[in-house]
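Below is one structure, written out as structure tokens, with a few remarks after it.
Numbering (my numbering), first residue to last: 843 to 1146.
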């Protein structure tokens, strides 16, 4: 008599999100336009820095895999961690230091902050902290200072004093947006924002290409690669802090005059909100946890 064969299936459960490997792949692919922009602008120093950071993260993963006699590179998280680390480090740090902090950040995260799949601090963030502690003078300062804002009256006036380079189409696009859309609502966009949207000047790749980061965030959210709660809480709270407490606004007679858009476009906040904070191995699973995570991230950002 033939015995019936039994099959184990996932029913009645449904997997509504991609696998870890697919999430890593899709996240990395959304950064492809950023890399193409660097290639078109001949920004080879940033490309080398990103490549070295990936090598450092992969080397750390290989060393751990060899010690434990198991393969952990298949899900692509090590490559993604290195990619994010390279985007968040200034290319002025140099290849040797970039490799060192990327390698060390991955190892420290495994030893201290939970390990693969259970991190409570993103390995890329750990690597950036190590880089800043090692050579903080190579990280870019604020794009404008309270003194220059006080002298000019606003942030973009201070940028003019500092000979801020704009893209050629900045004035034309700004005029078009003001005349076609914004003026009807009583809003006027100053010249310079278009440049900051497209290519904010910084030695850190994550601080540039804000428009590409916004487009990528739409893809990440729509494909359920990231959750919306942490980025939303982080951006809303950060914007409120900038408006109320920014040191730049303190240089202007009206204390409630912080330029939220300027702060967001010049500090890598968008990249942090959509790539670093909602990373699937570090984000809490409950809504309350995600809310607290977003608030704590703002506290760290403001203190930093």
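Backbone N, C-alpha and C define an ideal beta-carbon position, used for all residues, glycine too.
request  = Apply the 10 Å Cβ neighbour rule to residue 1008 and answer buried if 16 or more other Cβ atoms are within range, or exposed otherwise.
outcome  = buried
request  = Compare the C-alpha of residue 1133 against each of 943, 942, 1075 and 1120 and name the closest.
outcome  = 1075
query = Helix, strand or coil: which one does DSSP assign to residue 1106?
reply = helix
Given residue 1034 as reference, the closest of 969, 1045, 1010 and 978 once Cα atoms are compared = 1010
query = Just checking my contact of residue 1130 with residue 1079 at CB under 8 Å: how many whole Å lie between their CB atoms?
reply = Between residue 1079 and residue 1130 the Cβ distance is about 15 Å, and since that is not below 8 Å, they are no contact.
query = In whole angstroms, what separates the C-alpha of residue 880 from that of residue 886?
reply = 7 Å
DSSP state of residue 1021 mapped onto helix, strand, coil = helix
ask   = On the three-pair Cβ rule with 8 Å, is the segment 1067-1074 touching the segment 885-902?
value = no
task = Give a yes or no on whether the C-beta atoms belonging to residue 1113 and residue 930 are separated by under 9 Å.
result = yes
ask   = Is it right to say residue 1025 is buried, meaning 16 or more other beta carbons lie within 10 angstroms of its own, or is it exposed?
value = exposed
ask   = Below 9 Å between beta carbons: does that hold for residue 1043 and residue 981?
value = no
Range of the contiguous alpha helix (DSSP H) that encloses residue 1081 = 1071-1087
Residue of 1106, 937 and 963 minimising C-alpha distance to residue 949 = 963
query = By DSSP, does residue 1095 sit in helix, in strand, or in coil?
reply = Legend: pLDDT at residue 1095 = 43, less than 50; position of this residue unreliable, value from coordinates given subsequently. Coil at residue 1095, not helix or strand.
task = Please classify residue 1014: is it buried, with 16 or more other beta-carbons within 10 angstroms of its beta-carbon, or exposed?
result = exposed
query = What whole-angstrom Cβ distance do residue 1147 and residue 919 have, given they're in contact under 8 Å?
reply = Look at the range of the chain in this structure, 843 to 1146, and you will see that residue 1147 is not part of it.
task = Using a threshold of 9 Å, state whether the C-beta atoms of residue 876 and residue 1055 are closer than that.
result = yes
key: Span separating the alpha-carbon of residue 922 from that of residue 1120   = 14 Å
key: Given residue 889 as reference, the closest of 1045, 1138, 1104 and 1143 once Cα atoms are compared   = 1045
Coil, strand or helix - residue 1143 by DSSP = helix
key: Contact belief for residue 1125 with residue 1102 at Cβ below 8 Å, rounded distance in angstroms   = Between residue 1102 and residue 1125 the Cβ distance is about 24 Å, and since that is not below 8 Å, they are no contact.
ask   = In terms of alpha-carbon separation, which member of 1136, 1106 and 1062 lies closest to residue 873?
value = 1062
request  = Assign residue 1110 to buried or exposed, taking buried as 16 or more other Cβ atoms, counted over all protein chains shown, within 10 Å of its Cβ.
outcome  = buried
query = Expressed to the nearest angstrom, what Euclidean distance is found between the alpha-carbon atoms of residue 975 and residue 946?
reply = 13 Å
request  = Pick out whichever of 917, 944 and 1116 has its Cα sitting closest to the Cα of residue 892.
outcome  = 944
key: Burial state of residue 924 (16 or more Cβ within 10 Å)   = buried
task = Below 7 Å CB to CB, which residues in the same chain sit around residue 848 once its five sequence neighbours on both sides are set aside?
result = Here residue 848 scores only 46 on pLDDT, less than 50, and its place in the model should not be relied on; the value that follows carries that caveat. For residue 848, where only same-chain residues beyond five positions count, there are no Cβ hits under 7 Å.
inquiry  = Measuring only the C-alpha atoms, how far is residue 1032 from residue 1016?
reply    = 7 Å
query = Hey, how far is the Cα of residue 911 from the Cα of residue 902?
reply = Unreliable placement is indicated for residue 911, whose pLDDT of 48 sits below 50; the coordinate value is still reported in the next sentence. About 14 Å.
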